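According to full-length UniProt numbering, the sequence shown is numbered sequentially starting from 1. Each remark here refers to the structure printed beneath this line.
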Amino acid sequence: ETEQRSAQARHAEVAEALREEGHRARQVAQQAVAQLRQADKARRRAEGDNSRLREALAQASKEMEEIELQVKERVKAAEEAVAEFESRYEEAAGAAVARAEERDSAKTEAANLRDQIANANTQNAELHTRLLYYQELCETQALSLQGAREALMGEKQKRKDSEKISRLEHMSAVNARRKQNLIQQQTKREEMAKKISSNSIVSSNTNQTLQCKPKECCRMLICEKRGGGGVAK
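Right, dumping it as structure tokens:
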């Protein structure tokens, strides 16, 4: 009903606009007729003088042509406006019908949606009941799982302690082997030092010196050059 009232109001506005445009067109036509009459009177008054008559006649003819063109243009514009208003009115009427159909379709769809919402609420209630059941079941299982987890943590702690003891024993064995290796290396170094000391080339009793060739020098001997030859110390 609101759309129909709106369409009727628009139709009334269109009709009022058409009446106003027709009234303006009639006024223009009346003005044109009055101007034509004035031009005709001027033409008649100008007949007494040939030169002024020709000029006035030409001017009047020109003005009459311009007025006729203006009248035709205004009438054409008024006709176009009327056609446009009629087209708009038809479109508005068609839109009102389409909106009424859309409104009916929307009502049907709303009813379907209400049914779907009711079904969804029923399903939600059933799901809520199931959820409570599974929640209680999960809580029971969680308690059982907590006990199993605590037992497992105790076993894991025992296993960690055992692994830690094994690592400490392994590190102790490694350190013992390293210590033994260091002792062996120290013994070898001491034996090497004794051999170097016993194989000394210099004799403390005879003060005899020996010439040392470069290729015969060893890393464990310190050579000092004196008088062109190497003396082993």
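Cβ atoms here follow ideal geometry from the backbone N, Cα and C, with glycine treated the same way. All of these numbers come straight from a predicted model, not from anything done at the bench.
Output needed for residue i: all residues of its chain with C-beta closer than 8 Å, excluding positions within five of it in sequence on either side, in chain order.
i	result
E84	none
Q186	none
E63	Q35, A39
Say the cut is 8 Å; is the CB of residue i nearer than that to a heavy atom of the ligand PLP?
i	result
L127	For the structure depicted, the ligand PLP is absent and the ligand set is empty, with no information on it obtainable.
Any idea if residue i is buried or exposed, counting beta-carbon neighbours within 10 angstroms, 16 or more meaning buried?
i	result
A120	exposed
A111	exposed
A39	buried
Q211	Confidence at Q211 is low in this model, with a pLDDT of 44, below 50, so the placement of that residue should be treated as unreliable; the coordinate-derived value is given next. Its Cβ having fewer than 16 others within 10 Å, Q211 is exposed.
Cutting at 7 Å between CB atoms, please list the residues of its own chain near residue i, excluding the five before and the five after it.
i	result
K156	none
A25	R74, V75, A78
V28	V71, R74
Taking only the alpha-carbon atoms, compute the straight-line gap between residue i and residue j and give it to the nearest angstrom.
i	j	result
R130	T108	33 Å
Y133	E126	11 Å
M153	S172	28 Å
Q59	L36	12 Å
E69	Q4	Rather than Glu, the amino acid found at residue 69 in this sequence is Leu. The alpha-carbon atoms of L69 and Q4 are separated by roughly 41 Å.
R114	A12	40 Å
I117	R159	58 Å
G147	S166	29 Å
A95	K41	55 Å
Q135	E150	22 Å
H128	T122	10 Å
Please go through the same chain and pick out, in chain order, the residues whose beta-carbon is closer than 6 Å to the beta-carbon of residue i, but skip the five residues on each side of it.
i	result
residue 249	In the structure as shown, the chain starts at 1 and stops at 233, and residue 249 therefore has no counterpart that could be examined.
Q8	none
A92	A7, R10
| field | contact_flag[the stretch 96-113, the stretch 73-81] where n(CB pairs < 8 Å) is 3 or more | value | no
| message | Taking contact to mean 3 or more Cβ pairs, one atom from each stretch, closer than 8 Å, check whether the stretch 78-98 and the stretch 20-40 are in contact. | response | yes
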